[in-house]
Amino acid sequence: MSIFQLCRVWNALFAACVCVYAHWIAGAAAYMHAIGIFFLLCFANVHNDIVDFKIDKINRPDRPLPNGKITLKASYAVMFACLFLAVGFGFEFWWLFAGVAILCFVYNRFLKGLPLVGNFTVALLTTTPIAIPILKVGFPQPELLNLMFFAFTLTFAREITKDIEDMEGDRAMGLRTIPVLLGVKFSLILVFLCEIQCLAQLAMFKLPVFFAVLPCLLLSAIFACLNKIRLSQTLIKVTMLVGLIVFYICST
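In my numbering, the protein residues as written are 5 to 256.
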């Protein structure tokens, strides 16, 4: 169970499902790529926990590494195994999987504490499962581009929300995130702007998805204003799941 928690298996499975769905829209086979995406996310999550070991002692003491349920040596072994499997299963686009893995490494080591740069990088990485079928089938793919925009904007908003939640540990470690530099109010304005931009895009191109995710985003904004940041972040995750389901229903 500690390894599953370290890999954040549910997040990795969600990304794999997005990959399968994106391939289905494009009319392409997805199974190997989806498995590769699963292990790529596991690699990124494990490496993130290794790099954040000291910060998580403050922000996330319940994580497997800070609470001692798994050792650093074992974590490195899991990380390299996931990287090998990701590139192996993504063999058709091995260069993309390897490039994304390198970007994950650079993000975790050097970009995470930079204002907006780290948030943008994670949001960009989230679009990888959708980008693969676009590369495989080619343009135009308006449905996938709408889905990519949806994933990017909400992930960007969620990352800023996470930075608000992690302010104490980030400040202690000298990280320069937007909440640390400019405060919670300014950060929440950025989150709300991302959510409004996402809703505007959906209202123009995917009205059923707009109505499906609107209650989730409104609740997320309300909880953020009430300083219930963890609940707000969770609701952004729920929004992404609901949106993906309605995207699928609209495409069948």
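Where is the CB? At the ideal position from N, CA and C, for every residue including glycine.
So, with DSSP's three-state summary, where would you put residue i?
i: residue 81; result: helix
i: residue 34; result: coil
i: residue 49; result: helix
i: residue 146; result: helix
i: residue 71; result: coil
i: residue 131; result: coil
i: residue 119; result: coil
i: residue 94; result: coil
i: residue 66; result: coil
i: residue 165; result: helix
i: residue 113; result: helix
i: residue 17; result: helix
i: residue 218; result: helix
i: residue 151; result: helix
i: residue 181; result: coil
i: residue 76; result: helix
i: residue 230; result: coil
Under 8 Å by Cβ, that's how I've got residue i and residue j pegged, so tell me the actual separation to the nearest angstrom.
i: residue 122; j: residue 40; result: Their Cβ separation, rounded to whole angstroms, is 24 Å, which puts residue 122 and residue 40 out of contact at 8 Å.
i: residue 29; j: residue 148; result: 6 Å
i: residue 210; j: residue 254; result: 7 Å
i: residue 155; j: residue 244; result: 7 Å
i: residue 167; j: residue 182; result: 6 Å
i: residue 26; j: residue 146; result: So it is not a contact: roughly 13 Å between Cβ atoms.
i: residue 20; j: residue 38; result: 4 Å
i: residue 225; j: residue 165; result: Not really, about 11 Å apart at Cβ, beyond 8 Å.
i: residue 59; j: residue 10; result: About 15 Å; that fails the 8 Å criterion.
i: residue 129; j: residue 104; result: 6 Å
i: residue 192; j: residue 203; result: Rounded, the Cβ-Cβ distance is 16 Å, inconsistent with contact.
i: residue 55; j: residue 113; result: 6 Å
i: residue 108; j: residue 46; result: That pair is no contact at about 11 Å.
Could you confirm whether any beta carbon from chain D is found closer than 9 Å to the beta carbon of residue i?
i: residue 165; result: This model lacks chain D altogether; it includes just one protein chain.
Answer with buried or exposed for residue i, where buried requires no fewer than 16 other C-beta atoms within 10 angstroms of its C-beta.
i: residue 111; result: buried
i: residue 77; result: exposed
i: residue 57; result: exposed
i: residue 199; result: buried
i: residue 152; result: buried
i: residue 52; result: buried
i: residue 176; result: exposed
i: residue 48; result: buried
i: residue 127; result: buried
i: residue 34; result: buried
i: residue 233; result: buried
i: residue 163; result: buried
Which residue marks the beginning of the alpha helix (DSSP H) containing residue i, and which one marks its end?
i: residue 247; result: 233 to 255
i: residue 175; result: 171 to 176
i: residue 63; result: 57 to 63
i: residue 190; result: 188 to 209
i: residue 8; result: 6 to 11
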